[in-house]
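Undergrad:
Number of protein chains: 2
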Amino acid sequence: MMKVVVVGGVAGGATAASQLRRLEPDCDITIFEKGRDISFANCGLPYHIGGEVAERGQLIAATPETFGKKDVRVHTDHEVIGVHPGGHRLTVKNLETGEVFEESYDRLILSPGGRPRIIPALEGVTAVHVLHTLEDMDRIMKFIDDEDIKEAVVVGSGFIGMEVTENLRMRDIDVTLVHRNENLYGHVEAEMVAPLLQTLEDQGVNLKLNAEISRVEDGCAHLTNNEKIPAPMIIQGIGLTPNTGFLRGSGVRVTDDGLIPVNEYGQTNVDNVYALGDVMETKYLHVPDVAANIKLAWPAHRMAYTIANHIHGAYDIKFEGLLGTNIMRFFDHEIGSIGLEQKDVRGIDHFVIDHQQNFKAGYMEGASKIRIKMYVGHDGTILRAALISKSGVDKRLDTLAAHIRTGGKAQDLINIEVAYSPPFSSPKSFLNMVGYKAVEEMKKRGLY
Amino acid sequence: MMKVVVVGGVAGGATAASQLRRLEPDCDITIFEKGRDISFANCGLPYHIGGEVAERGQLIAATPETFGKKDVRVHTDHEVIGVHPGGHRLTVKNLETGEVFEESYDRLILSPGGRPRIIPALEGVTAVHVLHTLEDMDRIMKFIDDEDIKEAVVVGSGFIGMEVTENLRMRDIDVTLVHRNENLYGHVEAEMVAPLLQTLEDQGVNLKLNAEISRVEDGCAHLTNNEKIPAPMIIQGIGLTPNTGFLRGSGVRVTDDGLIPVNEYGQTNVDNVYALGDVMETKYLHVPDVAANIKLAWPAHRMAYTIANHIHGAYDIKFEGLLGTNIMRFFDHEIGSIGLEQKDVRGIDHFVIDHQQNFKAGYMEGASKIRIKMYVGHDGTILRAALISKSGVDKRLDTLAAHIRTGGKAQDLINIEVAYSPPFSSPKSFLNMVGYKAVEEMKKRGLY
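Protein sequences, first through last, are from chains A and B.
Using UniProt numbering, you'd call the opening residue of the first sequence number 1 and step up by one each time.
Using UniProt numbering, you'd call the opening residue of the second sequence number 1 and step up by one each time.
1) Any beta-carbon of chain B closer than 8 angstroms to the one on Leu168 of chain A?
2) Using the Cα positions of Ala16 of chain B and Val205 of chain B, report the straight-line distance between them to the nearest angstrom.
3) How would you list, in chain order, the residues of chain A whose beta-carbon sits under 8 angstroms from the beta-carbon of Thr325 of chain B?
4) I'd like to know whether the C-beta of Asp399 of chain A is nearer than 8 angstroms to at least one C-beta of chain B.
5) From B:Val10, B:Lys93, B:His84, B:Thr91, pick the residue whose C-alpha is nearest to that of Thr63 of chain B; which is it?
6) Is Lys93 of chain B buried or exposed, if buried means 16 or more other CB atoms sit within 10 Å of its CB?
7) Could you please give the first and the last residue of the uninterrupted alpha helix (DSSP H) stretch that includes Val439 of chain B?
8) Whole beta strand (DSSP E) runs in the stretch 394-426 of chain A with 3 or more residues, listed along the chain?
9) Which full runs of the alpha helix (DSSP H) of 4+ residues lie inside the stretch 123-168 of chain B, going along the chain?
10) Relative to the C-alpha of Thr399 of chain B, which candidate in B:Ser39, B:Val418, B:Gly277, B:Arg215 has its C-alpha closest?
11) Exposed or buried, what is Gly185 of chain A when buried is set at 16 or more other beta-carbons lying within 10 Å of its beta-carbon?
12) Could you pull the start and end residues of the alpha helix (DSSP H) that Met303 of chain A belongs to?
13) Using three-state DSSP, classify Tyr284 of chain B as helix, strand or coil.
14) Excluding the 5 residues flanking Ile166 of chain A on each side, which residues of the same chain have their C-beta closer than 7 angstroms to its C-beta?
15) For the alpha helix (DSSP H) that contains residue 450 of chain A, what are its first and last residues?
16) What residues in the stretch 36-64 of chain B bring their beta carbon closer than 7 angstroms to a beta carbon of chain A?
17) Which value, in whole angstroms, describes the spacing of the CA atoms of Val434 of chain A and Ile414 of chain A?
18) Could one say the Cβ of Arg22 of chain A lies closer than 8 angstroms to chain B's Cβ atoms, at least one of them?
19) So, is Met137 of chain B buried or exposed, given that buried needs 16 or more other C-beta atoms within 10 angstroms?
20) Hey, out of B:Leu122, B:Met162, B:Thr76, whose CA is closest to Pro232 of chain B's CA?
21) Under 7 angstroms Cβ-Cβ, which residues of chain A neighbour Met364 of chain B?
22) Return the CA-CA distance between Pro230 of chain B and Leu134 of chain B, expressed in angstroms with no decimal places.
23) For a contact defined as C-beta to C-beta under 7 angstroms, what are the partners of Pro423 of chain A on chain B?
24) Which class does Ser39 of chain B belong to by DSSP, given the choice of helix, strand or coil?
25) Closer than 7 angstroms between beta carbons: that is the criterion. Which residues of the stretch 383-398 of chain A meet it against chain B?
26) Tell me, please, whether the stretch 240-256 of chain B touches the stretch 111-118 of chain B by the rule of three or more beta-carbon pairs shorter than 8 angstroms.
27) How is Phe32 of chain A classed by DSSP in three states: helix, strand or coil?
28) So, does the CB of His301 of chain A fall closer than 8 angstroms to a CB anywhere in chain B?
29) Counting Cβ pairs, one atom from each stretch, are 3 or more of them under 8 angstroms apart for the stretch 346-358 of chain A and the stretch 150-170 of chain A?
30) Counting along the chain, where does the beta strand (DSSP E) carrying Val376 of chain B start and finish?
31) Round the Cβ separation of Tyr284 of chain A and Leu323 of chain A to the nearest angstrom and send it over; I've been treating them as touching at under 8 angstroms.
32) Confirm, please, whether the CB-CB distance from Ala385 of chain A to Lys369 of chain A is below 8 angstroms.
33) Please report whether the beta-carbon of Lys373 of chain B lies at a distance below 8 angstroms from any beta-carbon of chain A.
34) Hey, how far is the Cα of Val270 of chain B from the Cα of Arg371 of chain B?
35) Using a Cβ cut-off of 7 angstroms, pull out every chain A residue sitting near Thr406 of chain B, in sequence order please.
36) Using a Cβ-Cβ cutoff of less than 8 angstroms, which residues in the same chain neighbour Arg190 of chain A once the five nearest sequence positions on both sides are dropped?
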């Protein structure tokens with residue numbers, strides 16, 4: 001009987017195990033998870049703090065018990081500390097007892113994820129929290145209650161920093177948001193985030209750009225700009241460090257950034273060893289020579305399905321590469337992007353379409369602008385697009401994703417038929433207009 | 001100098017004239033419109049009755065004066081009553097003076113639209129209205145005020161009937177909705193409209209299915225089921241009759257249904273004569289052997305652009321055919337479809353995927369179901385899909401449109417990357433799940 005071991009039991013690992021069980025009713029599946037919980041909805045954690053997710057239990061998709069019923073063994077508080085592909089063996093540490101033991105595998109699926117980065121000045125400070133696991137969320141909510149928190153400092157303005165800011169405000173907690181450079185929400189172009197800055201102001205958030213915390217003393221955070229602010233609670237969201245140290249010496253290739261390169265089946269460089277989730281390095285679907293590491297749920301779920309099928313022997317299911325589609329709601333705004341990161345676009349010849357119009361018929365109550373900044377390669381490839389609006393950003397991103405995936409170019413956007421009715425769009429629809437502008441620009445440049 | 005005459009100055013005709021002027025600064029352009037107004041937003045008319053369009057003026061995109069500034073001559077209240085392609089001439093009647101005259105053209109663009117059908121029992125009855133033009137809207141709003149209307153009868157449950165029902169309710173006018181068969185809102189499958197029926201009930205709308213008005217007497221409508229209901233105002237929305245009678249004997253081909261077949265450039269069978277808008281018969285993009293007549297704004301605008309380019313000599317711009325993408329908001333629901341009509345699907349071998357899941361992460365406040373019924377041909381062609389939900393129907397329709405347009409099949413839906421965050425979707429996203437179900441079904445049937 002084939003024995004499959006999964007390292008990591010959150011989004012990627014748990015989904016891979018479920019998919020595999022569905023395809024292979026008989027194989028032996030074991031999950032080792034170093035944390036307390038498995039299979040929780042980490043994207044939903046900020047929203048339970050703010051109350052938009054009413055019940056904590058709704059965040060838990062599966063437990064070791066529910067997996068047990070599917071005959072998948074789950075060991076939580078078990079950290080895999082070594083991999084020995086030659087002997088098809090792992091070294092595992094039971095974090096509760098300290099016991100170290102060996103385990104064999106026929107197929108190994110690596111989904112160890114990352115751990116939140118913590119700046120040195122904040123290490124070991126009681127008031128400092130991160131929000132990466134259900135345990136972290138529980139700890140934050142208990143801390144808010146126990147310490148009767150009325151104000152907090154949020155460090156970092158990525159997905160976590162912004163979502164935590166929104167949800168603390170939902171609890172009427174005053175927030176100081178500290179971000180190390182001048183670009184709030186760096187996933188999207190600095191020149192597009194004015195509505196987020198305005199919202200922060202409207203929400204009474206104390207924004208500190210170009211600042212970092214240098215130390216915490218007597219309940220106050222000292223910033224690098226010499227400001228001192230009350231900080232009874234600090235939540236840090238400044239990115240993840242991949243949990244791939246345990247692969248040292250294993251022969252599994254890990255990049256300088258700690259990521260694991262995989263191919264279209266999720267295979268690493270080592271036979272029978274797969275990787276997925278936040279640690280995987282794959283490629284962009286539309287610009288395959290650029291490597292992609294997208295720490296989001298969709299790529300993890302898609303690769304889980306791909307790996308399960310490959311182990312099952314269904315080689316027709318391939319991971320096509322990613323578009324990096326992402327979105328965030330921040331109070332009454334939606335902001336997101338698709339395609340390469342800003343830094344990657346700089347290396348490729350391109351022109352930019354910057355367009356805005358109403359997200360629905362302009363004569364309808366509540367109409368307001370949607371804006372796109374789209375980067376187009378000289379053959380019409382949509383390298384990247386960033387969007388912001390009060391509504392309809394998700395629709396345009398998903399439409400662009402479908403369009404780009406099947407080879408659609410910027411000049412083809414004129415042809416996308418839209419579901420039009422005044423509450424939803426315009427007959428001269430947003431992406432069509434972007435396409436018309438692209439055609440004009442390409443003609444002007446002799447590219448069309 | 002090339003002389004272009006446009007018959008009809010609403011969506012299709014006005015857009016064609018504008019686009020042509022943009023491309024051809026020097027040609028001679030004349031529009032004949034038999035109605036009082038040109039270039040108004042007919043899709044927005046119901047929403048001004050209900051107040052969601054606050055200002056009447058917002059519904060008017062252009063006037064004869066604004067066209068005059070672009071050197072486009074507009075003659076309203078002028079009906080074209082004959083076309084003589086041999087001599088490149090038209091016969092035009094000035095409806096104000098009764099004068100009949102001839103006009104020459106080098107290129108002729110036909111966008112005469114349709115006129116609302118009226119059942120014989122209602123012809124000439126003062127209380128009876130239709131809602132097709134700005135004049136109609138003005139008449140309805142004046143009638144409501146003058147007669148102090150508190151209750152009304154709406155006949156027909158298509159786009160107009162449903163939108164008028166919603167907007168009369170917004171004004172607190174009691175509505176009886178009369179529909180001739182048992183299928184409310186026939187654009188979508190009868191088995192999917194339960195939420196609309198529930199909404200009608202919640203809104204206190206008096207629904208009469210399988211009924212027609214046989215006569216109106218003493219302010220009451222007598223129904224074919226022998227019921228008698230108060231009817232101080234009646235608004236009829238039971239479809240359009242194409243205004244193509246004036247083409248009789250012209251040599252321009254008109255189908256038995258009164259439609260004008262056109263090719264990918266909008267050309268009719270007669271040289272230098274184009275047609276667009278509600279009267280054009282084109283084909284479905286994804287099933288080209290099925291003729292399409294889609295009386296919606298997007299096709300009209302797209303064909304206007306195509307025709308203008310063709311007259312300009314840009315033959316690379318083609319009308320690819322239609323997908324029939326349509327959507328309606330009805331109070332807090334969204335409902336729409338894409339692809340062939342139900343009747344057309346019956347003639348093609350297919351299977352059906354009927355799927356529902358939450359339109360956003362299920363643990364988020366306000367999550368509820370989105371349902372799709374998708375008809376798949378045996379090669380995976382998405383023949384038709386109908387959707388209903390409280391949110392996100394437009395997003396899925398536009399995404400499907402982009403996907404189908406570039407050749408995407410049902411089994412490829414698993415690969416569409418989505419903009420995921422809990423307020424917007426799920427990592428196991430709706431269209432992906434539909435794709436997984438399609439793959440399973442195709443495997444089961446030996447089609448994959």
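Just so it is clear, CB atoms sit at the ideal spot from N, CA and C, and this is done for glycine as well.
All values reported here derive from a predicted model rather than from experimental measurement.
TA: The short version:
1) no
2) 40 angstroms
3) Glu417, Val418, Ala419, Tyr420
4) Per the sequence presented here, residue 399 of chain A reads as Thr, with Asp not at that position. It does; some Cβ of chain B falls within 8 angstroms.
5) B:Val10
6) buried
7) 430-444
8) Here no run is fully enclosed.
9) 134-146
10) B:Val418
11) Sequence inspection shows Tyr at residue 185 of chain A; the Gly mentioned does not correspond to that position. Tyr185 of chain A should be labelled buried.
12) 297-312
13) strand
14) Just to set this straight, residue 166 of chain A is Glu in the shown sequence, not Ile. Around Glu166 of chain A: Gly50, Phe330, Phe331.
15) Beyond the ends of chain A as shown, which are 1 and 448, falls residue 450 of chain A; an answer cannot be given.
16) Ala41, Cys43, Gly44, Tyr47, Glu52, Val53, Ala54, Gln58, Leu59
17) Going by C-alpha positions, Val434 of chain A is about 8 angstroms away from Ile414 of chain A.
18) no
19) Counting C-beta atoms within 10 angstroms of its own C-beta, Met137 of chain B has 16 or more neighbours from the protein chains shown and is therefore classed as buried.
20) B:Leu122
21) Tyr47, Glu52, Val53
22) 27 angstroms
23) Within chain B, Arg329 have C-beta atoms less than 7 angstroms from the C-beta of Pro423 of chain A, given in sequence order.
24) coil
25) Those residues of the stretch 383-398 of chain A placed with their C-beta closer than 7 angstroms to a C-beta in chain B are Asp394, Lys395, Leu397, Asp398, ordered along the chain.
26) yes
27) Here DSSP, grouped into helix, strand and coil, assigns Phe32 of chain A to strand.
28) Yes, because at least one Cβ of chain B sits closer than 8 angstroms to the Cβ of His301 of chain A.
29) no
30) In this chain, the beta strand (DSSP E) harbouring Val376 of chain B covers 369-377.
31) 7 angstroms
32) no
33) no
34) 45 angstroms
35) His403, Thr406, Gly407, Gly408
36) Sequence inspection shows Ala at residue 190 of chain A; the Arg mentioned does not correspond to that position. The answer, listed in chain order, is Glu182, Asn183, Leu184.
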